[in-house]
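Under this note's numbering, read the sequence shown as residues 31 to 485, first letter to last.
From the three backbone atoms N, C-alpha and C, an ideal C-beta is built for every residue, glycine too.
Only one structure is covered here, and it is reproduced in the block below.
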Amino acid sequence: METGKPGHWFIDEEAANTDGFPILFIHGINTSSETWLSDNDMIPITRGAGYQSVFIELYPGEDMWKNGEILAERLGEMYEYFNKKMIVVTHSKGGIDAQTALVHYGASPYVERVITLSSPHHGSELADLAFSKWAGWLTDALKSKTNAVFSLQTAYMKGFRSETDGSHLTKNIPIYTFGGTGWGAAYSELFWGGLYLSRFGQSDGAVLVKSSRLSYAKEVAVGDWTHTTIKQGSEVFPYLKDLYKEEVTDVVYGELSEMALEGETSVLHRGGEFEGTGLERFSVEEGVESITVNWISDQKDTVYELIGPDGNVYKNWSVALDATGYFPGAYHHSILLTKPVSGNWEVKAASLQKEHYMLSILFHKKKEGSPLLNALNEDAPSVKKTYTIHHLPMKSGKHHSKIITSEDLSSLPLADFEEGIHNITTDLEGKTAQGNDFQRTMIQTVYVDGKGNIY
31 METGKPGHWF IDEEAANTDG FPILFIHGIN TSSETWLSDN DMIPITRGAG YQSVFIELYP
91 GEDMWKNGEI LAERLGEMYE YFNKKMIVVT HSKGGIDAQT ALVHYGASPY VERVITLSSP
151 HHGSELADLA FSKWAGWLTD ALKSKTNAVF SLQTAYMKGF RSETDGSHLT KNIPIYTFGG
211 TGWGAAYSEL FWGGLYLSRF GQSDGAVLVK SSRLSYAKEV AVGDWTHTTI KQGSEVFPYL
271 KDLYKEEVTD VVYGELSEMA LEGETSVLHR GGEFEGTGLE RFSVEEGVES ITVNWISDQK
331 DTVYELIGPD GNVYKNWSVA LDATGYFPGA YHHSILLTKP VSGNWEVKAA SLQKEHYMLS
391 ILFHKKKEGS PLLNALNEDA PSVKKTYTIH HLPMKSGKHH SKIITSEDLS SLPLADFEEG
451 IHNITTDLEG KTAQGNDFQR TMIQTVYVDG KGNIY
């Protein structure tokens, strides 16, 4: 089997005695059809069950509009080739590309049903983060601010959902969704993504369970899958086989419950670049149960030290290559501390290369009566808020941002801007009731469409 340029499609030529619908597998962001072919037993299992597998290459870094258009053309070709409709199995953003092809580019006559494996139907907070103030040094260096990541910002996806969900075509083609709640082992490739997203709900390390759902789709299962394992044949084929039949009548729906998250997690982001040595400082206030310090950079071999207010030095950092899809090529250097001493902390970095980085500190507290959370939620005079707004216009492929910094968000007329995303980073700093310093970061996105509608 050969992979190739975007638009290229090919079949599993070893499949024999196939019956039923052909199965088209669509890959996600920053990957290719190799996601189904390498380190995955999906194809031999599908072949053994008597089905014809089909694969397509889409643009790994393009938005749903470009991929949806090319996918719609190829689905027409596949329909002519097989003289049958396709069952479409998608991973991650591939589900959004597929729905775009069906609803916006006329491909629905060629498709019997769609299955989405952890597709971010409502976007991802990791995409918001990638375009935010503190991530820029890193994502610019990685060249990862692609149209694909841009389109998955949560506000943009609210606009996409409003354009898409009202169409009768969304109801014509049945959609079956899967979601995952696993992050993998501690400090593995998806662990940081899961920890970061835990502030918003359960996830598979890259996509929230609630983002994997569509109100008009049928949720088949939410399982202990990571964003990687949810596309493994041996993991999900027991569910898929019932969805491949001529008529779907006896799907055994999986365990759909989600565990409640205990406590509250908040985050501080910083970022920059350095040569030789780098330094970042942050404060830990009273009542913090644990902190995870995650230095995400474009370098693997940098040496880091975490130094506490008591002079203790922590050097046992773990390192993992990012697998979320939003920071391709980045390394997560992480360390977890329970019961950290309150006061001023430092992270020192030493590198032989020029390094671009984003530092994320996740603070975990018990829920009950947290004075800090109250301060963040109210207009407390002890908290200084600084807003940095990146306006990213919707000109395809060229997101020349304007940057505005303000301490008053209400005075900025967002609707006066041309169509685009406002990626808003809020930096908070203040003192707790006991006089300890704290800093936090909050990120949100606002989408203004071409008609001045605000999402």
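Just verifying my parser: in three-state terms, what is the DSSP assignment at residue i?
i	result
A405	With a pLDDT of 48 at A405, under the threshold of 50, the modelled position of that residue is not reliable, and the figure given next carries that caveat. DSSP places A405 in helix when its eight states are reduced to three.
S287	Any answer about S287 is weak, because its pLDDT of 48 lies below 50 and its placement is not dependable; what the coordinates show is given next. In this structure, S287 counts as coil in the three-state DSSP scheme.
T462	coil
P339	coil
L182	coil
G399	Because G399 sits at a pLDDT of 49, beneath the cut-off of 50, its placement in the model cannot be relied upon, and the following sentence gives the value as read from the coordinates. Residue state, collapsed to three classes: coil.
R470	strand
F112	helix
G306	strand
W164	coil
D493	This structure cannot speak to residue 493, because the chain is shown only from 31 to 485.
T368	strand
F267	helix
A131	helix
D457	strand
A379	strand
Y226	helix
G427	The predicted model places G427 with a pLDDT of 45, which falls under 50 and marks its position as unreliable, so this point remains unresolved.
T200	helix
G12	Residue 12 cannot be examined here, being either before or after the span of the chain that is shown, 31 to 485.
T76	helix
W325	strand
L105	helix
Report back the beta-carbon spacing between residue i and residue j to the nearest angstrom; my notes put them in contact at under 8 Å.
i	j	result
G355	N60	5 Å
S348	Y217	4 Å
I100	L54	So it is not a contact: roughly 13 Å between Cβ atoms.
W530	T130	Here the chain comprises residues numbered 31 to 485, so residue 530 is not present and cannot be evaluated.
N453	D42	Rounded, the Cβ-Cβ distance is 41 Å, inconsistent with contact.
G153	M108	Rounded, the Cβ-Cβ distance is 29 Å, inconsistent with contact.
V239	V252	6 Å
P150	L182	6 Å
Under 8 Å Cβ to Cβ from residue i, same chain only, skipping five residues before and after it: list those, please.
i	result
I203	L132, S138, V141, E142, R143 and V144
G488	Any question about residue 488 goes unanswered here, given that the chain covers just 31 to 485.
T65	H57, G58, H121 and K261
W167	G301, G302, E303, H386, Y387 and M388
Y361	I326, S327, D328, Q329, K330, V349, A350, L351 and D352
Just to confirm my understanding: we take residue i, look at its own chain, exclude 5 residues before and 5 after, and list those with CB closer than 6 Å. What are they?
i	result
N466	E315, E316 and S372
A247	I205 and T207
E376	R311 and I337
G224	W213, S233 and G235
V118	L54, A128, V141 and V144
A215	none
E448	P423
N97	L88, Y89 and D127
Let me check you understand the geometry: is the CB of residue i closer than 7 Å to at least one non-hydrogen atom of the ligand COA?
i	result
Q232	The model on display carries no ligand, and the ligand COA is accordingly not part of it.
Report yes if the C-beta distance between residue i and residue j is below 8 Å; otherwise report no.
i	j	result
S148	G209	yes
Y334	A379	yes
A178	D328	no
K228	I75	Checking the sequence shown, residue 228 turns out to be Ser, not Lys. Their beta carbons are not under 8 Å apart, which means S228 does not touch I75 by this criterion.
I495	F357	One cannot answer for residue 495 here, as it falls past the ends of the chain, which runs 31 to 485.
L351	E219	yes
I73	A128	no
L458	Q474	no
G78	D49	no
Y274	F112	no
A46	S83	no
T455	K163	yes
Y135	A165	no
V318	F393	yes
T471	H198	no
Give me, in chain order, the residues of the same chain whose beta-carbon lies closer than 7 Å to that of residue i; leave out the 5 immediate sequence neighbours on both sides.
i	result
I260	L147, S148, F208, G210, D234 and V266
P401	Residue confidence for P401 is low, a pLDDT of 48 falling below 50, so the modelled location carries little weight; the figure read from the coordinates is stated next. Correct list, in chain order: T462 and A463.
S287	Here the model assigns S287 a pLDDT of 48, short of 50, so the residue's position is not dependable and the matter cannot be decided.
N374	R311, S313 and P339
Sufficient close CB pairs (3 or more, under 8 Å) joining the segment 335-342 to the segment 366-376: In short, these stretches touch, since the Cβ pair count reaches three.
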